[in-house]
Amino acid sequence: MTALTLPASSDCAPAPRAVLRERGQREVFCGLTGIIWLHRKVQDAFFLVVGSRTCAHLLQSAAGVMVFAEPRFGTAIIEERDLAGMVDCNAELDRVVDRLLARRPDIKLLFLVGSCPSEVIKLDLSRAAQRLSLKHTGATRVLNYSGSGIETTFTEGEDACLAALVPELAETTRGAAPELMIVGALPDVVEDQFLRLFAQLGIPRVHSFPARRAGAMPPVGPNTRFLLAQPFLGETARALEDRGAVRLDALFPFGAEGTTAWLHAAAVAFGIDEMHFRAVIAPGRERAKRAIAHARDRLGGKSIFFLPDSQLELPLARFLAQELGMVPLEVGTPYLHRAHMARELALLPAETVISEGQDVDRQLDRVRAARPDLTVCGLGLANPLEAEGLTTKWAIELVFSPIHGFDQAGDLADLFARPLRRRDVLKV
Amino acid sequence: MQLTVWTYEGPPHVGAMRIATAMEGVHYVLHAPQGDTYADLLFTMIERRGKRPPVTYTTFQARDLGKDTAALFQTAVREAIDRFAPQALLVGASCTAELIQDDPAGLASALRLPIPVIALELPSYQRKENWGAAETFYQLVRALCPSAKAEAQPRRDGPHTPSANILGPTALGFRHRDDVVEITRLLGTLGIAVNVVAPLGATPADLARIPDADFNISLYPEIADTACRWLERTHGQKTVRTVPIGYGATRDFIAEVAALAGVDPTAALDTSRLPWWSRSVDSTYLTGKRVFIFGDATHAVAAARVARDEFGFEVVGLGCYNREFAREIRTAAQLYGLEPLITDDYLEVEDAIAKLQPELVLGTQMERHIAKRLRIPCAVISAPVHVQDFPARYSPQMGFEGANVLFDTWVHPLVMGLEEHLLTMFRDDFEFSDHAGASHLGHGAAPIFPREPQEAAPTPSANGGGEATAGVAPAPLHPLAEGAELSPAPAPAEPGKDQEGWSAEAERELLKIPFFVRGKARRNTERYATEHGIAAITLDTLYDAKAHYAR
Chain A
1 MTALTLPASS DCAPAPRAVL RERGQREVFC GLTGIIWLHR KVQDAFFLVV
51 GSRTCAHLLQ SAAGVMVFAE PRFGTAIIEE RDLAGMVDCN AELDRVVDRL
101 LARRPDIKLL FLVGSCPSEV IKLDLSRAAQ RLSLKHTGAT RVLNYSGSGI
151 ETTFTEGEDA CLAALVPELA ETTRGAAPEL MIVGALPDVV EDQFLRLFAQ
201 LGIPRVHSFP ARRAGAMPPV GPNTRFLLAQ PFLGETARAL EDRGAVRLDA
251 LFPFGAEGTT AWLHAAAVAF GIDEMHFRAV IAPGRERAKR AIAHARDRLG
301 GKSIFFLPDS QLELPLARFL AQELGMVPLE VGTPYLHRAH MARELALLPA
351 ETVISEGQDV DRQLDRVRAA RPDLTVCGLG LANPLEAEGL TTKWAIELVF
401 SPIHGFDQAG DLADLFARPL RRRDVLKV
Chain B
1 MQLTVWTYEG PPHVGAMRIA TAMEGVHYVL HAPQGDTYAD LLFTMIERRG
51 KRPPVTYTTF QARDLGKDTA ALFQTAVREA IDRFAPQALL VGASCTAELI
101 QDDPAGLASA LRLPIPVIAL ELPSYQRKEN WGAAETFYQL VRALCPSAKA
151 EAQPRRDGPH TPSANILGPT ALGFRHRDDV VEITRLLGTL GIAVNVVAPL
201 GATPADLARI PDADFNISLY PEIADTACRW LERTHGQKTV RTVPIGYGAT
251 RDFIAEVAAL AGVDPTAALD TSRLPWWSRS VDSTYLTGKR VFIFGDATHA
301 VAAARVARDE FGFEVVGLGC YNREFAREIR TAAQLYGLEP LITDDYLEVE
351 DAIAKLQPEL VLGTQMERHI AKRLRIPCAV ISAPVHVQDF PARYSPQMGF
401 EGANVLFDTW VHPLVMGLEE HLLTMFRDDF EFSDHAGASH LGHGAAPIFP
451 REPQEAAPTP SANGGGEATA GVAPAPLHPL AEGAELSPAP APAEPGKDQE
501 GWSAEAEREL LKIPFFVRGK ARRNTERYAT EHGIAAITLD TLYDAKAHYA
551 R
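Sequence order for the protein chains is A and B.
Here full-length UniProt numbering is used: position 52 in the first sequence is 52, and no number is missing along the way.
Here full-length UniProt numbering is used: position 125 in the second sequence is 125, and no number is missing along the way.
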């Protein structure tokens with residue numbers, strides 16, 4: 001039985017770590033991309049992007065071009081006559097929304113999603129949302145957030161979406177017992193696993209945010225303790241804190257150690273007995289360790305370079321370094337939230353370069369100079385780097401796969417091991 | 001504002017990227033916010049290119065807007081020139097940068113760069129991808145070709161090898177890679193030299209040599225027509241406009257080329273297998289199959305001719321998504337006595353297909369998905385395309401080999417010859433029923449459950465019957481697409497229509513008709529009932545209608 005190594009519960013931040021900040025071309029998605037998983041997570045929500053043909057094209061390209069069913073997202077494409085003032089943009093938007101809701105009366109929650117063009121022409125979507133909410137009272141709630149590329153990078157779209165939902169959440173009963181909220185869209189299977197674990201720990205009231213249906217969003221208040229399941233939810237956390245909720249600081253739930261620490265933070269906050277905690281998590285923790293053992297042989301000692309993508313980079317690099325013995329050379333992140341990342345940063349090797357932002361050509365120069373065993377990057381870069389003889393892992397798969405928790409730790413390790421295994425088996 | 005679920009074309013700057021990426025020695029500095037870089041993955045993932053598109057995005061952010069986005073643009077230009085050392089530079093704006101009006105043209109010219117700079121004005125809120133590609137190619141040709149008539153064509157004396165340019169093939173084009181090989185080979189047989197292929201594989205220096213050729217071949221009018229017209233006007237080069245898709249069109253193309261070049265066409269009128277494959281008795285079952293055709297105008301028009309004249313199909317629907325070529329599609333539609341469907345609204349196309357219940361759909365990646373949902377066989381004939389439409393094998397659409405490819409590709413999704421009869425005769429065999437689908441497709445895959453318009457749609461499995469329907473395995477770009485395919489299908493195409501009209505007995509009889517004609521039988525019976533004022537559809541109505549529509 002492996003001894004549990006739990007990180008100290010406080011004060012793990014040494015001297016602030018040097019961060020390479022870069023400003024230049026970014027090879028990342030904008031925040032609209034989050035719609036691709038959010039529209040499946042909340043099953044009666046619809047995401048209407050108010051933007052250009054580029055926005056529509058981005059969504060279908062990022063979604064693998066095609067979805068079998070009619071998706072619960074669409075784009076209201078701004079046209080020349082909207083810009084030239086020949087029609088009233090707000091009237092046009094109302095018309096589009098009316099048509100949409102007539103077609104899809106099952107939609108209970110409609111997000112108007114701002115884009116680069118709508119931000120630049122200063123189309124006031126929050127007023128439009130208020131107006132349309134009033135118009136469709138009782139049938140559909142209309143909210144807005146921005147997924148524009150001038151303000152958000154990839155997963156920040158989910159952050160903006162959830163932050164927009166927070167003011168809508170009901171107030172918890174004054175003086176009620178503490179409740180736990182898991183924050184961040186997780187695959188349903190992972191969410192269910194966590195809920196089972198918390199139930200076994202004896203934490204009675206546990207909510208997921210976002211819920212799977214618009215009408216089932218959890219209440220929030222001073223008795224809310226929340227755990228961030230995703231590392232990119234800075235604005236959402238602030239909005240929840242504004243409502244009095246308290247964030248439980250923890251490592252993010254990746255790998256055996258990360259998941260243990262994350263669950264432990266809740267156990268401590270809810271006064272769960274330490275022996276009981278260990279007993280409850282032991283089976284999952286052991287399974288996780290067994291599941292990643294085979295990948296450890298392949299990944300141990302291998303160097304890895306993360307290009308910025310989803311803000312998952314730091315926790316994943318910590319998992320790979322701590323549990324699989326990989327050597328992170330550079331870990332790039334589009335945005336570094338120092339407070340939420342403090343524990344993660346403390347566990348990364350001192351030699352690892354942390355970079356924030358991007359100048360893609362300079363960063364690729366560093367990749368080529370370092371020749372890492374594995375480079376984690378976006379879809380636009382993976383094949384070109386492979387063609388140069390570098391082994392890559394598509395970053396987007398890390399966002400679209402169940403990777404959290406004990407029972408996904410093996411899958412997560414395998415996502416990194418597979419490209420190396422493939423490189424070894426191919427004789428072409 | 002236009003409500004859009006899926007788009008057939010990207011914005012015009014993606015068209016410009018298709019030109020820049022196709023060429024060598026060109027770089028494109030695009031004034032754009034972060035996120036617009038998604039377009040790179042079209043080339044690296046869908047087309048599997050091993051190089052990044054030669055595009056620098058300025059990546060301005062909200063906080064830059066009040067400050068100096070123009071300086072950002074100029075820095076990006078300088079750094080791109082230093083790093084990539086292009087022979088010519090394209091500059092332009094994406095949809096957002098168009099709104100902030102930084103004037104990339106003026107900013108770039110102020111830098112006094114040592115190479116030709118071509119400024120692109122691509123109105124994002126009016127135009128689309130194909131137009132953007134055509135405009136970019138035209139601007140490049142105009143800027144890089146030596147100014148016209150000053151340098152009159154030196155007419156060589158003595159034996160002259162006629163030469164032609166092949167214009168139009170781009171990056172991310174549907175089978176452009178292979179069409180170029182096929183047409184080059186064909187011209188070689190005729191003794192015609194290929195002077196320049198552009199934009200695919202051409203350098204700026206190559207574009208300057210375009211006027212050296214005797215004539216131009218507008219292989220893809222959507223891309224090349226604007227440039228060809230300019231070359232006609234300015235350099236007096238004639239244009240070959242027949243698009244050699246299909247057996248007949250290839251012969252016409254050879255005749256047109258040979259006449260222009262003054263060569264004997266007979267050398268090139270070689271064998272295609274299509275005529276015999278089509279005349280051979282096994283193909284009898286293709287006769288009169290009802291086909292719906294949609295794509296870019298050029299491919300749709302060509303496919304309609306092949307479908308009717310070379311396969312013996314009946315064209316029941318014809319349309320295109322690019323309004324710029326509406327005239328071409330209208331003219332063609334008249335030949336088939338049809339009202340053309342000219343729209344870029346995917347839902348409208350879906351409605352049309354659901355109403356017509358064709359036996360085969362020839363379309364784009366989008367129609368492939370519509371057909372998959374409606375359980376109608378489908379083959380892809382036009383962009384927009386997906387990763388599986390870039391096959392590893394040689395697979396042109398043009399020329400005689402292209403005609404062979406068309407025969408195989410269009411026939412493949414159909415249930416074949418005698419198998420069709422066996423399915424009709426012995427529907428209830430537990431191993432060999434229409435629930436199993438065509439026997440040459442998707443062994444071991446989930447069976448095709450024919451979805452009746454009135455039935456609730458079964459939740460399709462991720463690797464389900466669509467494989468058979470589409471004729472190619474769905475290859476999602478990443479796992480999400482598979483997950484997404486698990487989503488419930490939308491409301492049936494014609495909900496509740498005439499539901500009470502069918503008696504239970506007639507419904508049961510309808511289920512005995514094989515899936516690939518069941519939709520048509522239902523539609524014909526209902527039309528017959530409507531036309532004859534019959535409210536309740538009985539077994540007799542079903543067979544009366546069958547007799548009425550017998551052919």
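For every residue, glycine included, the Cβ atom is placed at its ideal position computed from N, Cα and C.
Handout entry: Whole-angstrom distance between GLU339 of chain B and ARG233 of chain B, CA atom to CA atom
Key = In a straight line, the C-alpha of ARG233 of chain B is about 34 Å away from that of GLU339 of chain B.
Problem - chain A contact for PHE60 of chain B (CB, 8 Å cutoff) - result: The beta carbon of PHE60 of chain B sits closer than 8 Å to some beta carbon of chain A.
Problem - Residue ranges of each beta strand (DSSP E) within the segment 160 to 229 of chain A, 3 or longer - result: 179 to 183, 206 to 209, 224 to 228
Handout entry: Beta-carbon contacts of ALA304 of chain B that lie in its chain and below 7 Å, excluding the five residues immediately before and after
Key = ILE293, VAL315, LEU318, ALA332, TYR336
Exercise for the section: Note down the Cα distance separating ALA63 of chain A from TRP131 of chain B, rounded to an integer number of angstroms. Expected result: 25 Å
Exercise for the section: Closer than 8 Å, Cβ to Cβ, to anything on chain A: give me those residues from the segment 94 to 107 of chain B, in chain order. Expected result: SER94, CYS95, THR96, LEU99, ILE100
Exercise for the section: Report the rounded CA-to-CA distance for ALA129 of chain A versus ASP359 of chain A, giving the unit in angstroms. Expected result: 36 Å
Handout entry: Any C-beta of chain A under 8 Å from that of ASP40 of chain B
Key = So yes, ASP40 of chain B belongs to the interface.
Practice task
Determine whether the Cβ of SER313 of chain A lies closer than 8 Å to any Cβ atom of chain B.
Solution key: Reading the sequence as shown, one finds Glu at residue 313 of chain A and not Ser. Closer than 8 Å: no.
Practice task
For ASN144 of chain A, I'd like the list of residues in its chain whose CB is within less than 6 Å of its CB, leaving aside the five on either flank, ordered along the chain.
Solution key: LEU112, LEU125, SER126, ALA129
Problem - Under 7 Å by beta carbon: chain B residues contacting ILE121 of chain A - result: LEU99
Practice task
Report the rounded CA-to-CA distance for ASP389 of chain B versus ALA379 of chain B, giving the unit in angstroms.
Solution key: 10 Å
Practice task
Tell me, please, which residues DSSP counts as bridged to ASN195 of chain B.
Solution key: The partner list for ASN195 of chain B (beta bridge, DSSP) is empty, contrary to what the question assumes.
Problem - Where VAL49 of chain A sits in the DSSP three-state scheme - result: strand
Problem - CB contact below 8 Å: TYR321 of chain B versus chain A - result: no
Practice task
Consider the Cβ of ASP82 of chain A: report whether some Cβ of chain B lies at a distance smaller than 8 Å.
Solution key: When Cβ-Cβ separations below 8 Å define contact, ASP82 of chain A makes contact with chain B.
Handout entry: Where ARG343 of chain A falls, given that 16 or more other Cβ within 10 Å makes a residue buried
Key = buried
Handout entry: Span separating the alpha-carbon of SER163 of chain B from that of PRO396 of chain B
Key = Whole-angstrom Cα-Cα distance: 22 Å.
Practice task
Pull up the distance between the alpha-carbon of TRP410 of chain B and that of ALA255 of chain B, whole angstroms please.
Solution key: The straight-line gap from Cα to Cα measures roughly 26 Å.
Exercise for the section: Determine which residues share a DSSP beta bridge with TYR57 of chain B and list them. Expected result: B:LEU30
Handout entry: Contact set between the segment 44 to 57 of chain A and chain B, restricted to residues whose Cβ is under 7 Å from the partner
Key = Cβ contacts with chain B: SER52, ARG53, THR54, ALA56, HIS57.
Handout entry: the segment 90 to 103 of chain B touching the segment 5 to 17 of chain B, judged by at least three CB pairs closer than 8 Å
Key = yes
Exercise for the section: Quick one: which residues of the segment 146 to 168 of chain A get their C-beta closer than 8 Å to a C-beta of chain B? List them in chain order. Expected result: Answer in chain order: SER148, GLY149, ILE150, GLU151, THR153.
Handout entry: Nearest to ARG373 of chain B (by Cα), restricted to the options B:GLY363, B:ALA354, B:SER382
Key = B:ALA354
Practice task
Scan the segment 81 to 100 of chain A for residues whose Cβ lies nearer than 7 Å to a Cβ of chain B and list them as they occur along the chain.
Solution key: ASP82, LEU83, GLU92, LEU93, VAL96, ARG99, LEU100
Problem - Buried/exposed call for TRP394 of chain A, threshold 16 Cβ in 10 Å - result: Result: buried.
Practice task
Inspect the beta-carbon positions of THR69 of chain B and GLY24 of chain A and report whether they are closer than 8 Å.
Solution key: no
Problem - Identity of the residues DSSP links to CYS116 of chain A by a beta bridge - result: Partner(s): none; CYS116 of chain A has no beta bridge.
Handout entry: Spatial distance of GLY399 of chain B from VAL257 of chain B (CA atoms)
Key = 13 Å
Handout entry: Closer than 7 Å at the beta carbon, the chain B residues around LEU379 of chain A
Key = LEU41, THR44, MET45
Practice task
Indicate the three-state DSSP secondary structure (helix, strand or coil) for ILE100 of chain B in the structure shown.
Solution key: In the displayed model, ILE100 of chain B falls within a helix according to three-state DSSP.
Handout entry: Interface positions of the segment 19 to 36 of chain A facing chain B (Cβ-Cβ less than 9 Å), listed along the chain
Key = ARG23, GLY24, GLN25, ARG26, GLU27, VAL28, PHE29, CYS30, GLY31, LEU32, THR33, ILE36
Problem - Given 8 Å, three or more beta-carbon pairs between the segment 380 to 395 of chain A and the segment 48 to 62 of chain B - result: yes
Problem - Pair within 8 Å by beta-carbon distance, ALA288 of chain A and ALA409 of chain A - result: yes
Handout entry: Interface flag, GLN2 of chain B vs chain A, CB-CB below 8 Å
Key = Look at GLN2 of chain B: its C-beta is under 8 Å from a C-beta on chain A.
Practice task
With 8 Å as the C-beta to C-beta threshold (strictly closer), list the residues of the segment 66 to 89 of chain B near chain A in chain order.
Solution key: ALA76, GLU79, ARG83
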